[in-house]
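Engineer: Residues 237 to 299, numbered by this note's numbering, are exactly what the sequence shown covers, in order. The beta carbon of each residue, even a glycine, is placed where N, CA and C say it ideally should be. I'd like to ask you about the structure that follows.
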Amino acid sequence: MTGNGRPAAYSCHCVSLASANVMAMDFARYLKGAQSDTLGGIQQLIMLGELAVNRVLDKLDPP
Numbered sequence: 237m238t239g240n241g242r243p244a245a246y247s248c249h250c251v252s253l254a255s256a257n258v259m260a261m262d263f264a265r266y267l268k269g270a271q272s273d274t275l276g277g278i279q280q281l282i283m284l285g286e287l288a289v290n291r292v293l294d295k296l297d298p299p
């Protein structure tokens with residue numbers, strides 16, 4: 237996408253990453269030990285991706 241479509245595309249990615257973050261946290265409750273720790277690490281990576289997309293959005297369309 238080009239032009240004005242970029243912020244909308246990044247917004248969609250941000251919402252998807254936020255949903256994945258919530259799903260990972262919910263699923264982690266059912267795991268124990270190392271599996272829970274691994275999913276916690278994955279959840280942190282998802283959150284970092286969400287922060288990166290938000291930063292791009294802020295640069296493309298300042299508040």
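For Arg291, report the span of its alpha helix (DSSP H) as first-last.
Structural biologist: Counting from one through the sequence shown, the residue named residue 291 turns up at place 55. It spans 269-296 - the alpha helix (DSSP H) in which Arg291 sits, taken as one unbroken run.
Engineer: How long is the line joining the alpha carbons of Met237 and Lys268, rounded to whole angstroms?
Structural biologist: Within the sequence shown, residue 237 is the residue found at index 1, counting from 1. Within the sequence shown, residue 268 is the residue found at index 32, counting from 1. Residue placement at Met237 cannot be trusted, given a pLDDT of 45 that sits under 50; what the coordinates show is reported in the next sentence. If I take the Cα positions, the gap works out to 42 Å.
Engineer: Met283 to Asn257, Cα distance in whole Å?
Structural biologist: What you label residue 283 is simply residue 47 of the sequence shown in a count that begins at 1. What you label residue 257 is simply residue 21 of the sequence shown in a count that begins at 1. Taking the straight line joining both Cα atoms gives about 6 Å.
Engineer: Spatial neighbours of Ala264 within its chain, please: CB distance less than 7 Å, with the 5 preceding and 5 following residues excluded, ordered by chain position.
Structural biologist: Here residue 264 corresponds to residue number 28 of the sequence shown, with the count starting at 1. The beta carbon of Ala264 lies closer than 7 Å to those of Ser272, Leu275, Gly276, Gln279 in the same chain, with the five residues before and after it left out.
Engineer: Go through its chain and collect everything with a Cβ distance to Met259's Cβ below 7 Å, but skip five positions before and after it.
Structural biologist: If you number the sequence shown from 1, residue 259 lands on position 23. Here Met259 has no same chain residue with a Cβ atom under 7 Å from its own Cβ, once five neighbours each way along the sequence are excluded.
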